[in-house]
Amino acid sequence: MEYVKKGGVIAVRLVKGEEIVASVAAVAERENISAAYVSGIGAVGRATIGVLRTADKKYIKRDLEEDMEIASLTGNVSVGADGKPYLHLHVVLGGTGSVYAGHLNEALVSATAEIFITTFDAGIGRYYDEDTGLNLMKFEELK
């Protein structure tokens with residue numbers, strides 16, 4: 411993984427074999443990011459995505475293994491209850507004749523991935539919401 415930071419934007423380049431979610435989390439931790447927007451493209455050979463089944467508040471995970479292009483990687487970074495970066499990422503993946511979309515749990519780069527993290531000055535945390543079963547955003551005062 412290589413990245414460069416200029417102003418409030420971090421450009422990240424991942425290479426074959428690197429995992430996207432762990433890599434973005436590592437950058438967020440290293441750069442002490444508390445609020446950011448994430449966007450990216452690239453190619454993966456393996457991914458796990460999920461869709462929330464609202465009736466019982468459970469994520470239904472799907473493991474994918476084929477050559478896929480990242481048509482869209484989007485999401486955000488906030489701060490989890492443990493004080494560490496909390497990533498909420500969604501992805502649209504296109505294979506040969508198939509398109510998949512959902513919450514991104516992990517994805518292994520097969521060629522490259524180009525990801526931009528746009529930081530901004532805000533205090534965004536998370537709290538668990540019983541009604542939805544999700545860790546929802548909460549806005550906090552910056553210290």
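Just so you know, we're using our numbering here: the sequence shown kicks off at 411 and counts up by one. We put the beta carbon where it would ideally sit given N, CA and C, even for glycine. Predicted, not measured: the structure shown is a model, and the values here were computed from it.
DSSP-derived helix/strand/coil call for residue 516: strand
Closest Cα partner of residue 483 within the set 512, 537, 491 and 475: 512
Alpha-carbon spacing of residue 538 relative to residue 545, whole angstroms: 4 Å
Beta-carbon gap between residue 479 and residue 453 smaller than 7 Å: Yes, Cβ-Cβ distance for residue 479 and residue 453 is below 7 Å.
Burial state of residue 417 (16 or more Cβ within 10 Å): exposed
Proximity winner among 415, 520, 515 and 528, relative to residue 473 (alpha-carbon distances): 515
Continuous alpha helix (DSSP H) assignments of at least 4 residues falling wholly in the segment 423-449: Runs of the alpha helix (DSSP H) inside the segment 423-449: 430-440.
Burial state of residue 378, where buried means 16 or more other Cβ atoms lie within 10 Å: With the chain running from 411 to 553 in the structure shown, residue 378 is simply not present.
Residue burial classification, residue 470 (beta-carbon count within 10 angstroms, cutoff 16): Exposed.
Proximal residues to residue 439 (C-beta, below 7 Å), its chain only, five neighbours per side dropped: 494 and 495
Proximity to residue 534 [Cα-Cα], best of 525, 431 and 490: 490
Straight-line gap, residue 508 to residue 443 (C-alpha atoms, nearest Å): 35 Å
Residues sharing a beta bridge with residue 535, DSSP: According to DSSP, which records beta bridges pairwise, residue 535 is partnered with 548.
DSSP beta-bridge partners of residue 508: Bridge partners of residue 508: none, in fact.
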